[in-house]
DNA sequence: TTATTTCTCTATTAAGTCTATCAACATTGT
DNA sequence: ACAATGTTGATAGACTTAATAGAGAAATAA
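Chains as they are written, first to last, in the numbering used here: chain A, 1334 to 1478; chain B, 1334 to 1478.
Here it is in structure tokens:
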């Protein structure tokens, strides 16, 4: 799995909408808060709309809002939709039928495991969870990488 | 983490050398067995040499062999060396100091978790393990993706 | 020595992806 | 009508990836 800027921006945008649930937020606001090039964000938001994650209102008091409650939008859904499959290599993706030789298969089991553990993480976090973390100022983490 | 062809080829090559430990294998052999463009494999093998994973012998009875016992070459090492950091996004990699805003940080914890679980998988598998799997014909897996 | 086989190195091409920007258009509320 | 907002398609520039080409250097065998 690799998160591109596009994906990163999309996640930020959805999180911001989650933090403003019930309200309509303009592209301009979103772009400013998250420091995203506005023209790029336009594309991303349209994508998110096509993906059924957000809705839009045109006109003077227009803007974007979540299409579903934040609790029902999982991190993994958005990532997959914007940045594609999370599998680390094509041969592990759905509907792949190549992979006939013995060597690939030994690695395949590994890639499948990686994909499953990754999925286990990102498909169990909703944007409500994330928004709550932001709200409750629960952001002092210890990282050890 | 995204495995490129380059990375895939590198892994295959190292595995093949692990299966032939003690013997010298030519690029030509490796390329043929793993169905890799020979000129591309040349580059990959040189990379692997620079990374200290393999050694080479020139001349008539030349070829490649592992620089260390297969038991001491971990899958993760090779992947990182050939395809770069396994972290899904730059802000989680070592020495990154940007990441000042609140939104990124909420996601950051997730990416760190993904990186850690991935690392936990690929850094605990050696090429000896993989070679043994191949040898013992232990290749009938059940996949559920 | 000479020929052969092998690895070594540098350059280049072709295609694709990613980020970003532009300009024109459509809709809505006042 | 007007102004603010989203919509759409096109495109450019930088970068990455995969693959190919060709000349060179070292080791070996005859």
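Backbone N, C-alpha and C define an ideal beta-carbon position, used for all residues, glycine too.
Buried or exposed for residue i, please, with buried defined as at least 16 other CB atoms from any protein chain shown within 10 angstroms of its CB.
| i | result |
| --- | --- |
| residue 1413(A) | buried |
| residue 1373(B) | exposed |
| residue 1402(A) | exposed |
| residue 1345(B) | buried |
| residue 1435(B) | With a pLDDT of 49 at residue 1435(B), under the threshold of 50, the predicted position of this residue should be treated as unreliable, though the coordinate-derived value follows. Under this definition residue 1435(B) is an exposed residue. |
| residue 1416(A) | buried |
| residue 1379(A) | exposed |
| residue 1466(A) | buried |
| residue 1471(A) | Confidence at residue 1471(A) is low in this model, with a pLDDT of 46, below 50, so its placement is unreliable and the value that follows should be read with caution. With fewer than 16 other Cβ atoms within 10 Å, it is exposed. |
| residue 1437(B) | With a pLDDT of 47 at residue 1437(B), under the threshold of 50, the predicted position of this residue should be treated as unreliable, and no value is reported. |
Relative to the C-alpha of residue i, which residue among the options is closest?
| i | options | result |
| --- | --- | --- |
| residue 1464(A) | 1376(A), 1348(A), 1425(A) and 1439(A) | 1348(A) |
| residue 1370(A) | 1466(A), 1354(A), 1342(A) and 1352(A) | 1342(A) |
| residue 1384(B) | 1354(B), 1466(B), 1360(B) and 1400(B) | 1400(B) |
| residue 1391(B) | 1357(B), 1417(B), 1337(B) and 1445(B) | 1357(B) |
| residue 1462(A) | 1405(B), 1367(B), 1346(B) and 1439(B) | 1439(B) |
| residue 1381(B) | 1368(B), 1393(B), 1394(B) and 1398(B) | 1398(B) |
| residue 1355(A) | 1365(A), 1423(A) and 1396(A) | 1396(A) |
| residue 1334(A) | 1387(B), 1423(B), 1388(B) and 1339(B) | 1423(B) |
| residue 1452(B) | 1460(A), 1421(A), 1467(A) and 1456(A) | 1421(A) |
| residue 1388(B) | 1365(B), 1469(B) and 1351(B) | 1351(B) |
| residue 1459(B) | 1419(B), 1404(B) and 1339(B) | 1404(B) |
| residue 1336(A) | 1362(A), 1364(A) and 1419(A) | 1419(A) |
| residue 1426(B) | 1447(B), 1411(B) and 1407(B) | 1447(B) |
| residue 1394(A) | 1362(A), 1406(A) and 1338(A) | 1362(A) |
| residue 1441(B) | 1429(A), 1455(A) and 1365(A) | 1455(A) |
| residue 1444(B) | 1408(A), 1445(A) and 1468(A) | 1408(A) |
| residue 1340(A) | 1366(A), 1410(A) and 1360(A) | 1410(A) |
| residue 1406(A) | 1457(A), 1364(A), 1367(A) and 1450(A) | 1457(A) |
| residue 1338(B) | 1386(B), 1368(B), 1468(B) and 1469(B) | 1368(B) |
So with CB distances below 7 Å, who are the chain B contacts of residue i?
| i | result |
| --- | --- |
| residue 1422(A) | 1336 and 1341 |
| residue 1363(A) | Going along chain B, no residue has its Cβ under 7 Å from residue 1363(A), so there is no contact; the nearest lies around 11 Å. |
| residue 1399(A) | Near residue 1399(A) there are no residues of chain B at all, since even the closest Cβ is about 16 Å away, more than 7 Å. |
Please list the partners that residue i has in chain A, where partner means a Cβ-to-Cβ separation under 9 Å.
| i | result |
| --- | --- |
| residue 1450(B) | 1447, 1450, 1451, 1453 and 1454 |
| residue 1408(B) | 1440 and 1443 |
I'd like to confirm the pairing. Which residues does DSSP put opposite residue i in its beta bridges?
| i | result |
| --- | --- |
| residue 1407(B) | 1459(B) |
Going along chain B, which residues have a C-beta under 9 Å from residue i?
| i | result |
| --- | --- |
| residue 1458(A) | 1443 |
Anything in chain A within Cβ reach of residue i, meaning under 8 Å, just list it in chain order.
| i | result |
| --- | --- |
| residue 1463(B) | 1439 and 1440 |
List the residues of chain A that residue i touches, going by C-beta distances under 7 Å, in chain order.
| i | result |
| --- | --- |
| residue 1378(B) | Here the premise fails: no neighbours, minimum Cβ distance about 16 Å. |
| residue 1344(B) | 1440 |
Notebook entry, point to check: In the stretch 1358–1403 of chain B, which residue ranges form an unbroken alpha helix (DSSP H) of at least 4 residues, counting only runs that do not cross its ends?
Noted result: Contiguous alpha helix (DSSP H) elements confined to the stretch 1358–1403 of chain B occur at 1360–1367 and 1371–1383, taking only those with 4 or more residues.
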